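Here the structure is laid out as structure tokens; the discussion comes afterwards.
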């Protein structure tokens with residue numbers, strides 16, 4: 015029932031170094047029997063940027079229906095039963111000093127059950143947990159602390175410590191005196207003093223009783239006097255204070271463990287509460303994945319005839335084995351009934367025919383199973399290729415590249431699913447037929463036969479949940495480890511240069527240890543399951559034979575009875591082996607099917623009539639942003655953006671680094687969704703088919719745009735039909751200033767550019783990206799984000815002028831850090847601190863002394879003078895591999911390839 019708290023918290027293993035927050039939150043909801051989608055939580059948190067703050071988790075928990083509140087508790091009060099702080103989502107510090115979310119679920123004596131998204135469900139000692147919990151220090155209003163110090167959450171721990179140090183009358187008097195003071199000082203002093211005295215008593219430095227009472231009163235007088243003089247931390251060290259500050263301060267420094275206390279699930283939403291976003295609705299409503307059922311549905315697309323035939327063959331083979339045993343039993347008495355040579359020959363021929371028929375069934379069964387597995391793999395690969403273009407950018411940003419690559423690589427393992435299914439079906443059918451045969455031979459032992467068969471089946475079935483959990487745990491840690499392998503390969507040069515091999519190895523050590531532990535647990539549970547299944551089945555077989563013999567079974571049937579009874583043990587083991595593959599198949603299929611079951615966010619890849627109409631549209635796009643706010647990982651990236659761009663307008667966007675310029679154009683590219691406000695393109699809301707159409711009409715230039723290990727012409731024409739490329743490739747090469755570069759290539763347009771354009775310089779790569787953008791047909795929106803990085807000043811200006819001429823009819827948004835080059839635009843947007851602070855003609859803004867744009871121009875000019883003016887600089891020029899020194903006063907622009 016939803017809302018009931020489980021005894022053991024479910025395990026949720028994170029697959030990214032930054033998504034421990036969503037994983038811990040999902041475990042918290044699952045612990046109250048309210049399943050939520052891990053993937054949707056990750057997307058709602060946008061963990062791809064910089065992780066998730068505890069404020070975001072509290073907000074999400076409340077929106078999803080949990081009675082959750084964020085509190086700060088002194089470290090020694092977190093696990094006190096009086097504070098009722100469990101279950102809670104808390105922050106710990108890892109060995110590498112990074113912060114990490116865990117769920118503290120229950121406490122039993124000196125052991126605490128936690129769910130660590132990096133390691134799974136664990137039992138740790140109270141001491142170990144206390145050492146790991148991170149104590150925050152944050153400024154709070156003094157009045158706010160004084161109000162909180164009067165609550166039962168705070169006073170419960172203080173009463174407990176006072177009761178252990180002094181008799182009840184003294185404890186009540188000291189607490190009453192502290193609470194009588196309306197300021198924060200007396201409560202803070204009593205809290206710190208009792209904590210210090212408690213530590214000394216526990217360590218044997220002060221005797222409990224009269225000595226501790228006198229010492230506590232004396233310490234209180236001294237620390238109050240020291241606090242009035244501003245030296246309180248000289249009397250009691252800082253680690254013992256929950257709150258401390260100057261005597262007359264309006265703010266105090268509060269120290270404690272910040273956590274989200276989960277009181278349970280709310281029965282109904284509060285009045286006036288805003289509706290849930292699309293991501294959160296999907297997190298609640300997305301049904302749990304039933305991977306094998308989805309895989310069967312995928313298999314049925316090729317028809318049910320082949321699987322049905324295989325199932326029929328498997329059942330026939332099982333019955334054939336039963337008949338074979340009957341004929342072998344008949345050979346023993348053949349001498350009585352087959353008296354003539356012809357009769358005996360006919361019996362042998364019948365037996366051989368039956369064996370041949372069984373063999374003829376085995377061959378097509380094995381071959382058909384393999385073919386079905388390969389067909390299923392092919393079907394899944396095609397489904398992946400069809401699904402990937404339909405997934406939104408947020409889906410990929412909230413998941414590791416290594417994790418997605420591992421899923422695609424592991425598709426071949428689904429071949430084993432049909433083999434497993436046929437094995438389970440055949441073993442089950444043979445067991446049922448064998449039980450029927452035993453009941454026919456010894457009807458008096460029927461109850462015992464049914465119990466024996468049930469036990470042979472019960473052990474493997476009961477072990478499935480445990481095996482499934484162990485297998486999923488192992489595969490989850492396998493996904494975590496893949497991140498380290500990918501990081502090591504992609505950053506091998508940087509790792510060696512910074513001597514960071516040991517750091518990576520230490521970070522890799524703990525999840526590797528947990529992976530080995532999970533693999534050993536899976537292996538040991540599998541061996542234990544096999545052993546128990548064999549012992550139970552063998553014991554049941556012996557009991558069946560002994561009971562049947564005691565009932566007076568015919569002597570001629572004893573051998574067949576023994577054969578079938580012992581076959582129960584063999585069949586039980588076969589069924590256990592087949593069922594033991596189910597956890598691996600289920601875990602694997604769940605990982606494979608998760609992307610396929612994700613709702614589409616992008617239109618289909620096939621061209622529709624609307625796409626043809628979109629290509630026929632001409633002129634630039636117009637768009638409007640109304641009070642747009644964008645949040646990422648709990649931080650406001652953009653806020654209060656109000657702007658309108660007319661069709662065909664060329665707009666420059668400037669501002670300090672990190673101001674939100676790329677995030678602004680990212681809204682049009684679909685990278686960010688406004689948390690509030692609206693975005694309209696050509697009068698229609700930017701969503702669904704409107705976004706898909708806009709992307710097909712957009713040319714995007716940025717240093718992060720991927721260059722492929724293909725020829726130059728393939729990189730230029732990427733995403734464009736060949737018929738649209740050939741007539742215009744020459745003009746694109748000239749406009750992007752690639753003619754001189756083309757002449758130097760050994761194979762011309764067919765020269766490969768290397769992985770990620772590694773055979774190009776930075777400036778050459780940018781010009782190839784620009785050429786790709788200029789080659790796109792039907793461009794109505796061009797987005798340039800630092801498009802000429804790596805190029806010298808005169809070439810940047812020339813390329814900008816040519817690009818604007820080529821895109822004269824399109825709307826252009828150009829993000830540049832070279833402020834002076836934006837003076838040629840008719841309009842400039844100045845972004846600062848996530849806000850649109852100025853929107854005007856750049857020349858008018860440059861004339862205003864108080865404008866942000868003018869200050870950016872002045873800073874740029876001052877930096878240029880500082881770098882090129884004086885100060886002992888030597889001017890070294892690297893030109894086509896030749897290094898030469900130029901006079902310092904030589905200020906001629908450098909050619910590309912010179913530095």
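Numbering (this note's numbering), first residue to last: 15 to 913. C-beta: ideal position from N, C-alpha, C; glycine also. Please read all numbers here as calculations on a predicted model, not as lab measurements.
Could you check how far apart the C-beta atoms of residue i and residue j are, in whole angstroms? I think they sit under 8 Å.
{"i": "residue 826", "j": "residue 727", "result": "Not a contact, Cβ separation roughly 26 Å."}
{"i": "residue 396", "j": "residue 432", "result": "That belief does not hold up - the Cβ atoms of residue 396 and residue 432 are roughly 17 Å apart, past 8 Å."}
{"i": "residue 987", "j": "residue 201", "result": "Within the shown structure, residues of the chain are numbered from 15 to 913, placing residue 987 beyond reach of any answer."}
{"i": "residue 734", "j": "residue 805", "result": "Contact flag wrong, Cβ pair sits at about 24 Å."}
{"i": "residue 723", "j": "residue 766", "result": "6 Å"}
{"i": "residue 180", "j": "residue 230", "result": "6 Å"}
{"i": "residue 670", "j": "residue 401", "result": "Not really, about 40 Å apart at Cβ, beyond 8 Å."}
{"i": "residue 816", "j": "residue 715", "result": "Incorrect: roughly 13 Å between the Cβ atoms, too far for contact."}
{"i": "residue 643", "j": "residue 688", "result": "6 Å"}
How about residue i and residue j: are their beta carbons less than 8 Å apart?
{"i": "residue 677", "j": "residue 641", "result": "no"}
{"i": "residue 25", "j": "residue 125", "result": "no"}
{"i": "residue 582", "j": "residue 470", "result": "yes"}
{"i": "residue 274", "j": "residue 48", "result": "no"}
{"i": "residue 40", "j": "residue 294", "result": "no"}
{"i": "residue 590", "j": "residue 547", "result": "yes"}
{"i": "residue 119", "j": "residue 95", "result": "no"}
{"i": "residue 810", "j": "residue 776", "result": "no"}
{"i": "residue 668", "j": "residue 842", "result": "yes"}
{"i": "residue 824", "j": "residue 674", "result": "no"}
{"i": "residue 407", "j": "residue 848", "result": "no"}
{"i": "residue 148", "j": "residue 206", "result": "no"}
{"i": "residue 240", "j": "residue 248", "result": "yes"}
Exposed or buried, residue i, counting other C-beta atoms within 10 Å across all chains shown (16 or more means buried)?
{"i": "residue 384", "result": "exposed"}
{"i": "residue 131", "result": "buried"}
{"i": "residue 27", "result": "buried"}
{"i": "residue 596", "result": "buried"}
{"i": "residue 137", "result": "exposed"}
{"i": "residue 198", "result": "buried"}
{"i": "residue 744", "result": "exposed"}
{"i": "residue 15", "result": "In this prediction, residue 15 scores a pLDDT of 45, lower than 50, which makes its location untrustworthy; the coordinate-derived value is nonetheless stated afterwards. Looking at its Cβ environment, which holds fewer than 16 other Cβ atoms inside 10 Å, residue 15 is exposed."}
{"i": "residue 587", "result": "buried"}
{"i": "residue 307", "result": "exposed"}
Give me, in chain order, the residues of the same chain whose beta-carbon lies closer than 6 Å to that of residue i; leave out the 5 immediate sequence neighbours on both sides.
{"i": "residue 517", "result": "none"}
{"i": "residue 460", "result": "453"}
{"i": "residue 20", "result": "45"}
{"i": "residue 51", "result": "297 and 300"}
{"i": "residue 522", "result": "498"}
{"i": "residue 555", "result": "579, 580, 582 and 583"}
Give me, in chain order, the residues of the same chain whose beta-carbon lies closer than 7 Å to that of residue i; leave out the 5 immediate sequence neighbours on both sides.
{"i": "residue 154", "result": "265, 266 and 268"}
{"i": "residue 786", "result": "729, 730 and 732"}
{"i": "residue 68", "result": "84, 105, 272 and 274"}
{"i": "residue 184", "result": "227"}
{"i": "residue 559", "result": "575, 576 and 579"}
Measuring CA to CA, which of the options is closest to residue i?
{"i": "residue 35", "options": "86, 73, 18 and 404", "result": "73"}
{"i": "residue 698", "options": "770, 638 and 710", "result": "638"}
{"i": "residue 170", "options": "228, 99, 235 and 225", "result": "99"}
{"i": "residue 289", "options": "79, 820, 532 and 251", "result": "79"}
{"i": "residue 465", "options": "175, 141 and 553", "result": "553"}
{"i": "residue 176", "options": "149, 204 and 193", "result": "204"}
{"i": "residue 251", "options": "208, 287, 545 and 393", "result": "208"}
{"i": "residue 428", "options": "578, 774, 599 and 574", "result": "599"}
{"i": "residue 606", "options": "484, 425, 854 and 467", "result": "425"}
{"i": "residue 243", "options": "232, 257 and 261", "result": "261"}
{"i": "residue 721", "options": "754, 773, 696 and 692", "result": "773"}
Leaving out the 5 sequence neighbours to the left and right, which residues in its chain are closer than 8 Å to residue i when beta-carbon positions are compared?
{"i": "residue 762", "result": "726 and 756"}
{"i": "residue 839", "result": "664, 665, 666, 828 and 856"}
{"i": "residue 194", "result": "200"}
{"i": "residue 626", "result": "Here residue 626 scores only 47 on pLDDT, less than 50, and its place in the model should not be relied on; the value that follows carries that caveat. Taken in chain order, the list of residues that qualify is empty."}
{"i": "residue 712", "result": "682, 683, 793, 794, 795, 796 and 797"}
Answer with yes or no whether the minimum CB distance from residue i to chain C is below 8 Å.
{"i": "residue 425", "result": "Among the chains of the structure shown, chain C does not appear; only one protein chain is present."}
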